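Below is one structure; the comments refer to it alone.
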């Protein structure tokens with residue numbers, strides 16, 4: 102999300118180098134969020150990919166990783182599940198989005214190097230029981 106225009110720049114550079122645009126079957130995007138604004142940013146990013154795909158004659162967008170990150174004080178498990186539910190509803194509302202997959206980290210809460218305050222995004226706990234996120238995703 103730090104450089105959402107990279108794919109457009111890549112496509113332009115490819116054309117400049119080879120004299121034709123790349124032949125892509127689908128566009129793929131990853132997105133993670135830990136509050137409402139970040140979720141809205143993810144929706145906007147996927148909308149950009151959908152728009153670009155349509156403009157380039159590509160009829161598939163895959164959200165190959167996404168997750169709502171539980172972050173104490175910012176986004177609790179219930180908010181994360183509700184956020185994912187709304188995000189999934191958005192994904193399913195557009196026929197260009199053909200595939201999506203939840204991403205789960207495998208680190209212990211507080212030890213993740215990219216988000217030291219984050220908790221697990223797991224769909225099941227250590228005993229194989231569905232978490233709040235898991236119960237939402239199972240619907």
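In the numbering used here, the protein residues as written are 102 to 240. Cβ atoms here follow ideal geometry from the backbone N, Cα and C, with glycine treated the same way. Note that the structure is predicted; figures quoted are calculated from it, not measured.
Got a sec, what are the start and stop residues for the alpha helix (DSSP H) residue 150 sits in?
-> Within the chain shown, the letter at position 49 stands for residue 150. That run of the alpha helix (DSSP H) goes 137 to 156.
Considering just the uninterrupted stretch of the alpha helix (DSSP H) at residue 166, what are its terminal residues?
Residue numbering aside, residue 166 sits at position 65 when the chain shown is read from its first letter. If you look at residue 166, you'll find it isn't in any alpha helix (DSSP H); it sits in the beta strand (DSSP E) that goes 162 to 169.
Assuming contact is defined by CB atoms lying nearer than 7 Å, are residue 142 and residue 176 in contact in what I supplied? The sequence position of residue 142 within the chain shown is 41, counting from 1. The sequence position of residue 176 within the chain shown is 75, counting from 1. In terms of Cβ geometry, residue 142 and residue 176 do not form a close pair [threshold 7 Å].
Just mark residue 188 as buried or exposed, buried being the case when its beta carbon has 16 or more other beta carbons within 10 Å. Translated into positions along the chain shown, residue 188 becomes position 87. The Cβ neighbour count for residue 188, taken over all protein chains shown within 10 Å, is at least 16; the residue is labelled buried.
* Asked: Which residues in the same chain as residue 122 place their Cβ atom closer than 8 Å to its Cβ, once the five residues preceding and following it in sequence are excluded?
  -> Counted from its first residue, the chain shown places residue 122 at position 21. Setting aside the 5 residues that flank it on each side, residue 122 is surrounded in the same chain by 112, 115, 116 and 157, each with a C-beta closer than 8 Å to its C-beta; the list follows chain order.
Item to check | Coil, strand or helix - residue 204 by DSSP | outcome: As a first step, residue 204 must be located in the chain shown, where it is residue number 103. When secondary structure is reduced to three states using DSSP, residue 204 falls in the coil class, being assigned neither helix nor strand.
| query | Straight-line CA distance for residue 147 to residue 130? | reply | By one-based count along the chain shown, residue 147 stands at place 46. By one-based count along the chain shown, residue 130 stands at place 29. Near 7 Å, if we compare the C-alpha coordinates of residue 130 and residue 147.
**Asked** residue 233 and residue 179 look like a contact to me (Cβ under 8 Å); what is the Cβ gap, rounded to whole Å?
**Response** The count along the chain shown starts at 1 and reaches residue 233 at position 132. The count along the chain shown starts at 1 and reaches residue 179 at position 78. The beta-carbon distance between residue 233 and residue 179, rounded to whole angstroms, is 6 Å. This is short enough to meet the 8 Å contact definition.
Mind checking which residues open and close the beta strand (DSSP E) that includes residue 128?
Residue numbering aside, residue 128 sits at position 27 when the chain shown is read from its first letter. 128 to 134 is the extent of the beta strand (DSSP E) around residue 128.
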